[in-house]
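Residue numbers (the numbering used here), protein chains in the order written: chain H, 8 to 146; chain P, 2 to 146.
We put the beta carbon where it would ideally sit given N, CA and C, even for glycine.
Down below is the structure, laid out as structure tokens.
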Amino acid sequence: MNKDCGKVLVIPCSGIGKVHGLISRESAYLVTDEVAPDRTDVVCLALLVREDEETLARVRAHPCITIDGCGKACAQKNVEIAGGQVVDAVQVAKVLTKHRGSQPGSGSDLTEEGWAISREIAEAVAEEAERICAGEEVA
Amino acid sequence: MAAEMDKTTKVGIISCSGEEIPEGTISRSAVRRVLESLRPHETVTLCLPLFLAGNEGERNFARTHPVITIDGCDKQCARWGTEKHGGPVTRALVVTDILGGSAAGCARSLRSRGPADEEAVGRVAEQIASAVDEILEEDRPAEGD
Chain H
8 MNKDCGKVLV
18 IPCSGIGKVH
28 GLISRESAYL
38 VTDEVAPDRT
48 DVVCLALLVR
58 EDEETLARVR
68 AHPCITIDGC
78 GKACAQKNVE
88 IAGGQVVDAV
98 QVAKVLTKHR
108 GSQPGSGSDL
118 TEEGWAISRE
128 IAEAVAEEAE
138 RICAGEEVA
Chain P
2 MAAEMDKTTK
12 VGIISCSGEE
22 IPEGTISRSA
32 VRRVLESLRP
42 HETVTLCLPL
52 FLAGNEGERN
62 FARTHPVITI
72 DGCDKQCARW
82 GTEKHGGPVT
92 RALVVTDILG
102 GSAAGCARSL
112 RSRGPADEEA
122 VGRVAEQIAS
132 AVDEILEEDR
142 PAEGD
């Protein structure tokens, strides 16, 4: 593994109105706290949009994976506006189409199904983070 | 203010996303509790990422309705973004001001929440609900108007 790869930054949208936003948020925590804590770190989207200098510098220096709830892709757009490189853009709404009929929960809480879907997203993001760093090693 | 405030309708609440700190999760959960349980008929939420990404529907609501921002830390990103794109906010609450250091034992993820998180969310949600009541009282026409 390339030791200079550093961490891949994971930025969820955390949209507050629907379960999609909560899944994005909890997926990000699953990746960064549990599935790939050595390889990833979470970034506060609002702080990025607030133009916080330290956050801007981090986003511009590391590959970013965004997790958006819906097709409006607020996290992806805001990272790109900030000058960050989005190497993968996940949309929860698209993932949910693979789980037709599921009841993942609400904007306040997740059901077991919701947690399982969050973990599925987290594992996919962790795999992508690993692949990105492996790719940088080859480069 | 350029746009006239709507005096008869709801109060908008905008929470920071605050993914890096437990106070961000407390902020989000407290807002959800106000919307669902404490003041469901008096409040709506605006999605901060959507607001900041330029959604005109969200921004227009903030220009024409009273808005409370609730931020996890003193960087006050929700307040900053709202005032930059929508105008002055009616109330600006900060979780660290409300809780002091008592959020230290709280978690970022809902899967790790415990009694300390529940208490923190409850305290912040009550503060938001009180702010909603104050705003609606201020907006209520005096008798005889």
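Taking residue i as the reference, which of the options has the closest Cα?
| i | options | result |
| --- | --- | --- |
| Lys-25/H | Cys-77/H, Val-86/H, Glu-120/H, Ser-109/H | Cys-77/H |
| Glu-21/P | Gly-73/P, Trp-81/P, Phe-52/P, Thr-65/P | Gly-73/P |
| Arg-126/H | Thr-62/H, Arg-67/H, Val-50/H, Ile-74/H | Ile-74/H |
| Gly-102/P | Ala-121/P, Leu-111/P, Arg-114/P, His-86/P | Ala-121/P |
| Arg-112/P | Glu-120/H, Lys-105/H, Arg-107/H, Glu-33/H | Glu-33/H |
| Val-102/H | Ile-18/H, Arg-138/H, Asp-40/H, Val-132/H | Val-132/H |
| Asp-75/P | Cys-81/H, Cys-140/H, Leu-54/H, Thr-62/H | Leu-54/H |
| Val-38/H | Ile-139/H, Cys-140/H, Ile-128/H, Ala-141/H | Ile-128/H |
| Glu-57/P | His-86/P, Ser-131/P, Ser-16/P | His-86/P |
| Gly-19/P | Arg-40/P, Asn-61/P, Ile-71/P | Ile-71/P |
| Leu-29/H | Ile-139/H, Asp-40/H, Gly-142/H, Trp-122/H | Trp-122/H |
| Glu-127/P | Pro-142/P, His-42/P, Asp-140/P, Ile-99/P | Ile-99/P |
| Ile-148/H | Glu-134/H, Ile-139/H, His-106/H, Asp-116/H | No answer is possible for residue 148/H: the residues shown for chain H start at 8 and end at 146. |
Against residue i, what residues of chain H qualify as contacts under a CB-to-CB distance less than 7 Å, listed in chain order?
| i | result |
| --- | --- |
| Val-32/P | Ile-23 |
| Ser-16/P | Ile-23 |
| Ala-79/P | Ala-53 |
| Arg-64/P | Within chain H, no residue comes near Arg-64/P; the closest Cβ sits about 19 Å away, beyond 7 Å. |
| Arg-141/P | Ordered by position in chain H, no residue passes the 7 Å Cβ test against Arg-141/P, which lies about 28 Å from the chain. |
So, helix, strand or coil for residue i, using DSSP?
| i | result |
| --- | --- |
| Gln-77/P | coil |
| Ile-18/H | strand |
| Val-133/P | helix |
| Ala-96/H | strand |
| Ser-109/H | coil |
| Arg-64/P | helix |
| Ser-16/P | strand |
| Ala-23/H | Residue 23/H is actually Ile in this sequence, not Ala. Coil. |
| Arg-46/H | coil |
| Ile-22/P | coil |
| Thr-70/P | strand |
| Lys-10/H | Interpretation of Lys-10/H is limited by its pLDDT of 41, a score under 50 that renders its predicted location unreliable; the figure taken from the coordinates is listed afterwards. Looking at Lys-10/H - three-state DSSP - the assignment turns out to be helix. |
| Asp-40/H | helix |
| Cys-140/H | helix |
| Val-56/H | helix |
| Ala-146/H | The predicted position of Ala-146/H is uncertain, since its pLDDT is 39 and thus under 50; no value can be drawn from it. |
| Asp-75/H | strand |
| Val-90/P | coil |
| Pro-70/H | strand |
| Arg-32/H | helix |
| Thr-46/P | strand |
| Met-2/P | Note on Met-2/P: pLDDT 45, under 50, position unreliable in the model; no value is reported. |
Listing by chain order, which chain P residues have their CB less than 9 Å from the CB of residue i?
| i | result |
| --- | --- |
| Glu-33/H | Ser-110, Leu-111, Arg-112 |
| Lys-14/H | Neighbours of Lys-14/H on chain P: none; closest Cβ ~13 Å, over 9 Å. |
Could you round the C-beta distance between residue i and residue j to whole angstroms and report it? I think they count as a contact, below 8 Å.
| i | j | result |
| --- | --- | --- |
| Thr-47/H | Val-97/H | Thr-47/H to Val-97/H, Cβ: 13 Å. No contact. |
| Arg-57/H | Cys-78/P | 4 Å |
| Ile-27/P | Val-96/P | 5 Å |
| Pro-23/P | Ala-108/P | 6 Å |
| Thr-83/P | Ala-63/P | 6 Å |
| Val-93/H | Val-86/H | 5 Å |
| Lys-11/P | Thr-44/P | 6 Å |
| Gly-22/H | Cys-48/P | 5 Å |
| Val-50/H | Thr-62/H | 6 Å |
| Ala-82/H | Cys-20/H | 4 Å |
| Gly-114/H | Arg-33/P | 6 Å |
| Val-35/P | Ala-130/P | 6 Å |
| Ile-88/H | Val-17/H | With a Cβ gap of about 18 Å, Ile-88/H and Val-17/H do not count as contacting. |
List the residues of chain P that residue i touches, going by C-beta distances under 8 Å, in chain order.
| i | result |
| --- | --- |
| Gly-114/H | Arg-33 |
| Ala-82/H | Pro-50 |
| Cys-140/H | Chain P residues near Cys-140/H: none, gap ~22 Å exceeds 8 Å. |
| Lys-105/H | Simply none; closest approach about 22 Å. |
Determine the chain P residues that contact residue i at a beta-carbon separation under 7 Å, and present them in chain order.
| i | result |
| --- | --- |
| Asp-40/H | Ser-110 |
| Pro-19/H | Glu-20 |
Quick one: list the residues of chain H neighbouring residue i, beta-carbon separation under 9 Å, in chain order.
| i | result |
| --- | --- |
| Glu-37/P | Ser-113, Gly-114, Ser-115 |
| Lys-11/P | None at all; the shortest Cβ gap to chain H is about 14 Å. |
Starting from residue i, find everything on chain H with Cβ-Cβ shorter than 8 Å and list it in chain order.
| i | result |
| --- | --- |
| Leu-53/P | Ala-53, Val-56, Cys-81, Asn-85 |
| Leu-124/P | According to the sequence displayed, residue 124/P carries Arg and not Leu. Ordered by position in chain H, no residue passes the 8 Å Cβ test against Arg-124/P, which lies about 17 Å from the chain. |
| Thr-46/P | Ile-23, Gly-24 |
Give the residues from the region 45 to 71 of chain H that approach chain B closer than 8 Å (Cβ to any Cβ), ordered along the chain.
Among the protein chains in the structure shown, which are H and P, there is no chain B.
To test your reading of the DSSP string, which unbroken beta strand (DSSP E) runs of 3 or more residues are found completely within the region 92 to 133 of chain P?
Taking only runs of at least 3 residues, the beta strand (DSSP E) segments lying wholly in the region 92 to 133 of chain P are 92 to 95.
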